[in-house]
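If you count by this note's numbering, then the sequence shown holds residues 168 to 557, one letter each, in order.
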Amino acid sequence: MKIIFSVFQPIKNETPQSGVGKIAYQLFSYLEPKYDINIFFSNKGKIKNKHVKDFGIIFKILNRIIAFCNRFLPYYIIRHFQEILYDLFLRIHINKTIDILISTNAWIPKTAWKAKKWNIKIIFIAGNPNDNYIYNLLKNEKNKLGIKNHDAFDSNPRLNAFNQFFKNTDIVLCINQYIYESFIPNDEISPKYKLIPTIFDANFKIFDIKKKHSNYFTVFYCAHTTTLKGLQYLLPAFNIFQKNKSNVQLFIGGTIDKGVFNLISKSLNDNIRLLGSLESIQIAEQLKQTSVFVVPSLTDAAPVTMIEAMYSKTPIICSDGVGHQWLIEEGVNGYLYDKYSIEQLVEKLERCYNNIENLQIMGENARITIDNAIINKRNFNYRFEKLIKR
């Protein structure tokens, strides 16, 4: 059996840059000894395995030229051009000898069309909800907030590429229930849907940390912030929560899109610190002094930072728009709340603040949850292999 894996994101520091890319690489490593298999990244980095490939120097030069245009073009346009380039180069490597194409990115319509023409089975590993679901949610939220700028998930050309790819897909493999529900088939020609819950790998060694005692109750949020990340709900919730409290702080890690920053800038105050872009080691240092980690996303399949925070023994407050909510046991290792309810988020912050003595126990439980999920990843590998043999 001959298999090709496709991962759009590059490898950085010898690990895939995206969470779902980490899952694909894990599966590739499990299957490599048994099958004729290659995995393609936009850049394979320093990995010397002959079965880990990229598209060579010409692709890299063209990709850099496109990236350079980010100085005067919006990112969502750059991203779409990079995906078109990736699709064209991946298509070259599709031939009649291949049995299965496994992809973590759905913006390869030309590759999928060619694969379908030659009866190659296409398996899509969905690390995000259905793009059509995200598109509608994002459009409604931006209309509500008056945000005019576009991003990758409300780009019509990109959505069309997703739907073209989707028409030729045989199996959609969903990594949690939240994603699965966004792909519920609504017609007779839909692909088959499989639910195999798993977690994204993180750099767990870095996040095996010892907590520092602090007199402050510290809240940490970390993401590349777009409208979908929900910071516009966390900030007003924190400002209500911090009233009449002198020992609370909110740390915000990651870059913030211009449209969101303009929206939230008036909500910033002395108890809120913007940390900017952070490397993993810096996130780990921040988690050492973090009381609770908040994931307020309107839709977010499985943020790696949430896994890292739980592994570092940090309790979680996350919205019901987060796919990895299945990891949260209410009051045991964290809390869940309605993604649109500022009042519920305030109530969860108050509950943590008023029960600080329980946060250490909750953090220990969060680590146990992730340890068990890591063990269960072996079952994910086994079930996936059974799937491709059918």
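We put the beta carbon where it would ideally sit given N, CA and C, even for glycine.
Give me the Cα-Cα distance between Thr278 and Asn429, rounded to the nearest whole angstrom.
Mapped onto the sequence shown, residue 278 falls at position 111. Mapped onto the sequence shown, residue 429 falls at position 262. Going from the Cα of Thr278 to the Cα of Asn429 covers about 39 angstroms.
Quick one: complete alpha helix (DSSP H) runs, 4+ long, within the segment 455-531?
471-478, 509-520, all fully within the segment 455-531.
Considering only residues of the same chain and omitting the five flanking positions on each side of Ile366, which have a CB-CB separation below 6 angstroms?
Here residue 366 is taken as the residue at index 199 of the sequence shown, counted from 1. If we look at Ile366 and ignore the five residues flanking it on each side, its Cβ neighbours are Ile474, Ala540.
Smallest Cα separation from Lys377: which of Phe332, Ala476, Ile338, Tyr347?
Counted from its first residue, the sequence shown places residue 377 at position 210. Ranking the options by Cα distance to Lys377, first place goes to Ala476.
Within the chosen definition, does the segment 378-398 reach the segment 451-464 through at least 3 CB pairs nearer than 8 angstroms?
Yes: the two stretches touch, three or more of their Cβ pairs being nearer than 8 angstroms.
To the nearest angstrom, report how far apart Lys213 and Gln409 are at their CA atoms.
Indexing the sequence shown from 1 puts residue 213 at position 46. Indexing the sequence shown from 1 puts residue 409 at position 242. Taking the straight line from one Cα to the other gives about 46 angstroms.
Quick check: the Cα distance between Tyr502 and Leu512, rounded to an integer number of angstroms?
Indexing the sequence shown from 1 puts residue 502 at position 335. Indexing the sequence shown from 1 puts residue 512 at position 345. Using only the alpha carbons, I get a separation of about 9 angstroms.
Can you tell me which of the three DSSP states Gln416 falls into?
Residue mapping note: residue 416 aligns to position 249 of the sequence shown, counting from 1. Residue state, collapsed to three classes: strand.
Per DSSP, what kind of secondary structure is Phe291 in: helix, strand or coil?
In the sequence shown, counting from the first residue as 1, residue 291 sits at position 124. Of the three classes helix, strand and coil, the one that applies to Phe291 here is strand, per DSSP.
Consult DSSP for Ile265 and reduce its assignment to one of helix, strand or coil.
On the sequence shown, position 98 is the one that residue 265 refers to. Looking at Ile265 - three-state DSSP - the assignment turns out to be coil, as it is neither helix nor strand.
Using 8 angstroms for Cβ pairs, my map puts Ile225 next to Phe172. What's the rounded Cβ distance?
Along the sequence shown, one-based indexing puts residue 225 at 58. Along the sequence shown, one-based indexing puts residue 172 at 5. Not really, about 21 angstroms apart at Cβ, beyond 8 angstroms.
Pairing CB atoms from the segment 283-297 with CB atoms from the segment 306-315, are three or more of them under 8 angstroms?
No: the two stretches stay apart, fewer than three of their Cβ pairs being nearer than 8 angstroms.
Ends of the beta strand (DSSP E) at Phe384?
Sequence index remark: in the sequence shown, residue 384 carries index 217 (1-based). Here the beta strand (DSSP E) through Phe384 covers 384-389.
On the three-state DSSP scale, how would you describe Thr393?
Along the sequence shown, one-based indexing puts residue 393 at 226. Thr393: coil per DSSP, three-state reduction.
Considering only their Cβ atoms, is the gap separating Val174 from Thr271 smaller than 8 angstroms?
Translated into positions along the sequence shown, residue 271 becomes position 104. Translated into positions along the sequence shown, residue 174 becomes position 7. Yes.
Kindly give me the distance between the Cβ atoms of Lys227 and Asn210, rounded to whole angstroms, as I take these residues to be in contact under 8 angstroms.
Residue mapping note: residue 227 aligns to position 60 of the sequence shown, counting from 1. Residue mapping note: residue 210 aligns to position 43 of the sequence shown, counting from 1. So it is a contact: roughly 7 angstroms between Cβ atoms.
Is Asn230 near the ligand MG, judged by its Cβ being under 7 angstroms from some heavy atom?
In the structure shown, the ligand MG is absent, as is every other ligand, since no ligand is present at all.
Does DSSP put Ile450 in a helix, in a strand, or in coil?
Counting from 1 along the sequence shown, the entry for residue 450 is found at position 283. Three-state DSSP puts Ile450 in a helix.
Cutting at 6 angstroms between CB atoms, please list the residues of its own chain near Gln331, excluding the five before and the five after it.
Along the sequence shown, read from residue 1 onward, the residue named residue 331 stands at position 164. The residues are Pro276.
Can you name the residues that DSSP bridges to Lys169?
For the purposes of this step, residue 169 is taken as residue 2 along the sequence shown, with counting starting at 1. DSSP lists Asp203 as partners of Lys169.
List the endpoints of the continuous beta strand (DSSP E) containing Lys359.
For the purposes of this step, residue 359 is identified with residue 192 of the sequence shown, where counting begins at 1. Per DSSP, Lys359 belongs to the beta strand (DSSP E) from 359-362.
Please report the distance separating the alpha-carbon of Asn327 from that of Tyr507.
Taking the first residue of the sequence shown as position 1, residue 327 is located at position 160. Taking the first residue of the sequence shown as position 1, residue 507 is located at position 340. Computed Cα separation, rounded: 28 angstroms.
Are Ile301 and Ala469 close, meaning C-beta to C-beta below 8 angstroms?
Translated into positions along the sequence shown, residue 301 becomes position 134. Translated into positions along the sequence shown, residue 469 becomes position 302. No, these two residues do not count as a Cβ contact at 8 angstroms.
Could you spell out where the beta strand (DSSP E) holding Gly421 opens and where it closes?
Indexing the sequence shown from 1 puts residue 421 at position 254. Gly421 -> no beta strand (DSSP E), and no H or E assigned at all.
Taking a contact to mean a Cβ-Cβ separation below 8 angstroms, would you say Ile509 touches Pro403 in this structure?
The residue you call residue 509 lines up with position 342 of the sequence shown. The residue you call residue 403 lines up with position 236 of the sequence shown. Against a cut-off of 8 angstroms, the Cβ pair of Pro403 and Ile509 comes out as a contact.
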